[in-house]
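Scroll down for the structure; my scribbles are underneath it.
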C-alpha cells in the first residue's frame, strides 16, 4: 500500500502568513487507483499566488472553494508510479495540477497533466521558462495586452515568477519595459538580470511620479496586484492603452472584495481596455507557445531565477515567502 | 454682416441642472470667414451627454476643457450658407460638431463635418438611426462588446438615444436584450417600442435580483452610466463577458472622479473585458456603418423616438431633460 503525506486544508486562512494555523501535514494510505487516474511521485512543487483563492470560502472566485478537509491543490512535477491512463505511462515525467503531497493522484483530463520534455536540462524550467507562468506571461503580454514593438509595457510584481517572465516577453517582442517591485534588491535584479528599461521600487519611490516619466504614457500594463499600483498606472496610461489583469494579490488575503480602481473613469477618458485572464485557461494552449519559449530559453533570452526550498514539511514557509513578496523569481519546493 | 446668436460658457457648471447660472445667450457679428471654414445655418441641434465633460475644468477628460467665454460646442445639422471649402458647397445639408448657435462656423476636418443624404425623409434621423448615437450603438454592441447571436446583452440608460439604439442593434444581431431604465414609462417604451426581452426599472426594482434571472449570466453590457448599475451588472456577468463603456453619466456632474466599480475583482474571477470607447472616435467610420443602419431603418428595425424642443433660447431646458433622464429617446432642438 502506498503511503501519502500531504497538506490538508483544515480552516479558511486569514491573511497571507501563519498558514500553519490553517493547514496541517497529514499521512494516509492511498486509495486503490480508480479508472483513468494517474499516481505521481512528486519531485517538485510550484508555489503560485493564484492558489490562495482556493483556500478562501468565497464562492464568486475563479472556481468553487476547496472544501475544508481536502488536500491542498497545486502544480506538481514528478514521475508516474502507477497509471490507469495509457497516455501517462509509468516512468513518464509529468506536470499538472496535483496536490501538496509526496504522492499526487490525479485525473489527467481535469488537471491539465502533461508529459514534459526530458531534454530540458533543468527540470525546474517546466515551472519556469516553459511552464504556466511563462504561458501566462506570453498570452498576457502578446494577446491580452497586445504589446507592439516600440510600445511601453509596465509589469507589476515584476520580480516574481510571472512578472519577471512578462518583462522578458515584452522586451523580446520589442517593447520598452518598466518593472515595478518592492525594494532595492528586486529592482537591481530587474535591471541587471531581467533587463528592464526602468525599475520602480514601490516601497521607496512615488510610483505615480516615476510612471509620469514614461514618454507618451503607458501603452500596456501586465498587472499582478491590483490596488494602489493599478490606480497609479491607470492615471498614466496612453490613449487606447491595454491592461491585462493577471492577478490581484492585493486582495487575496481578505474575503471582502477590494475597492474598484480609483481612476476607473480613465477607461472612458482614454478609451482603455481592461481584461482579466487566468492561468489555468491556458493549460490546453501550452504546446502552442512552447517552440517560441524554448527558442528564447535556449538563446538565453528568458532568464529565470529560482527561489528553492527543500522538503514537503517546509511548503508553508515557501508559500508565505511567495505571497508576501519575500522571493525573487520563481518559488519551488524540492521534495 | 451675418449676426450669430449663441450660448456662451461663462462658468464651469456644478451638477446637471440650472445651467442658466453658467451659460448665457449672446449675440455678435460673425467674423469674416477664414480660409477652409464653413458657415452653417443651423436647423437642428443634438443634445448629447458626452458634451457635459467639455464644460468641466477637468484636464484628464476626453479632451481639454472648453475655455470659459467660448461658444458651447455640440452636434448640429443645417445648410451651408457660406463656404471656403469646396467640399461643402453653399446649400448642402451638413452635420458635424458646431456650436449651440443659430449660425455655426466650423473647420470641417476638425469637426467631422459631413454632407448628409437628402433622401432621408425625416432629417432628424441624421441624429437618430443614421447618426453618431447609432454608430456608437453599432460599434459598441458589435465590435467592443462582441455580441453574438443567442447571447444576453444588457444596456443601461436604455431609453436614451444611444441606449435605445444599442438595444435594437443587439436584437437585430440576434441577441436577447435587457434594458435598464428609470421609471415605468421608460420600461413600457422599451418593451413596446424598442422590443427588449426584459426591462428593468432601476428606480423601483432590485437591479441585482432582476439580472440574476438572466439564464447563464450576462454576456455583454453596453454601459452608459457607470456607478451602482455597473456594480450590479458586474456581479451578474457570465465568464468571458464583455463590458463596452460608452458613458459614465453617473459621474458627469461632479469634478471628482467616481469611485471604481465595487465588483472590479470579477474582471479576474470571470475573465471579463472592459473597454472604453468614445463617439467622436467613430466620426470617420460613419460611412462604413451607414448601409446596414439605413437598411434597418428602412425595414422598420431601428425605431427612434424624438424628444423635441423648439428654439435656441430653450436649449438649456432640453439639455437638462437629457442629462437628468427626463427624456425618452433622442433629445433634439429645432431652430
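Protein chains in written order, with UniProt numbering: chain A, 1 to 335; chain B, 1 to 335.
Glycine included, each C-beta is placed from N, C-alpha and C at the ideal position.
Taking Cβ positions only, does residue i come closer than 8 Å to chain A?
| i | result |
| --- | --- |
| residue 20/B | no |
| residue 281/B | yes |
| residue 267/B | yes |
| residue 81/B | no |
| residue 286/B | no |
| residue 271/B | yes |
| residue 264/B | yes |
Suppose you measure from the CA of residue i to the CA of residue j; what does that come to, to the nearest Å?
| i | j | result |
| --- | --- | --- |
| residue 332/A | residue 46/A | 5 Å |
| residue 319/A | residue 175/A | 32 Å |
| residue 304/A | residue 162/A | 10 Å |
| residue 112/B | residue 77/B | 12 Å |
| residue 261/A | residue 117/A | 42 Å |
| residue 185/A | residue 159/A | 10 Å |
| residue 247/A | residue 268/B | 7 Å |
| residue 148/A | residue 50/B | 31 Å |
| residue 299/A | residue 125/A | 14 Å |
| residue 98/B | residue 265/B | 41 Å |
| residue 271/B | residue 215/B | 19 Å |
| residue 277/B | residue 273/A | 9 Å |
| residue 166/B | residue 259/B | 26 Å |
| residue 17/B | residue 281/B | 28 Å |
| residue 190/B | residue 201/B | 10 Å |
| residue 30/B | residue 106/B | 12 Å |
| residue 210/A | residue 144/A | 25 Å |
| residue 59/A | residue 279/A | 19 Å |
| residue 53/B | residue 64/B | 9 Å |
| residue 138/A | residue 330/A | 16 Å |
| residue 182/A | residue 110/A | 36 Å |
| residue 151/A | residue 187/A | 21 Å |
Is the CB of residue i under 8 Å away from at least one CB in chain B?
| i | result |
| --- | --- |
| residue 258/A | yes |
| residue 261/A | yes |
| residue 247/A | yes |
| residue 193/A | no |
| residue 274/A | yes |
| residue 97/A | no |
| residue 289/A | no |
| residue 278/A | yes |
Could you tell me if the beta carbon of residue i falls within a distance shorter than 7 Å of some heavy atom in the ligand ATP?
| i | result |
| --- | --- |
| residue 46/B | By its list of ligands, the structure shown contains no ligand whatsoever, and the ligand ATP lies outside what it can speak to. |
Just to confirm, are residue i and residue j a CB contact at a threshold of 8 Å?
| i | j | result |
| --- | --- | --- |
| residue 108/A | residue 44/A | no |
| residue 27/A | residue 5/A | yes |
| residue 104/B | residue 42/B | yes |
| residue 194/B | residue 179/B | yes |
| residue 218/B | residue 237/B | yes |
| residue 223/A | residue 263/A | no |
| residue 75/A | residue 1/A | no |
| residue 56/B | residue 12/B | yes |
| residue 73/B | residue 92/B | no |
| residue 220/B | residue 203/B | no |
| residue 336/B | residue 25/B | Chain B is shown from 1 up to 335; residue 336/B falls before or after that span and cannot be answered. |
| residue 115/A | residue 94/A | yes |
| residue 7/B | residue 196/B | no |
Below 8 Å on the Cβ atoms is my guess for residue i versus residue j; work out the distance and round it to an integer in Å.
| i | j | result |
| --- | --- | --- |
| residue 244/A | residue 140/A | 4 Å |
| residue 283/B | residue 130/B | 13 Å between Cβ atoms; not a contact. |
| residue 420/A | residue 310/A | Here chain A has residues from 1 to 335 only, and residue 420/A is not among them. |
| residue 229/A | residue 164/A | Not confirmed; about 16 Å, so no contact. |
With H, G and I counted as helix, E and B as strand and the rest as coil, what does DSSP make of residue i?
| i | result |
| --- | --- |
| residue 16/B | coil |
| residue 303/A | coil |
| residue 39/A | strand |
| residue 279/A | helix |
| residue 111/B | helix |
| residue 201/A | strand |
| residue 323/A | helix |
| residue 246/A | coil |
| residue 263/A | coil |
| residue 289/B | helix |
| residue 164/A | helix |
| residue 328/B | coil |
| residue 2/A | coil |
| residue 72/B | coil |
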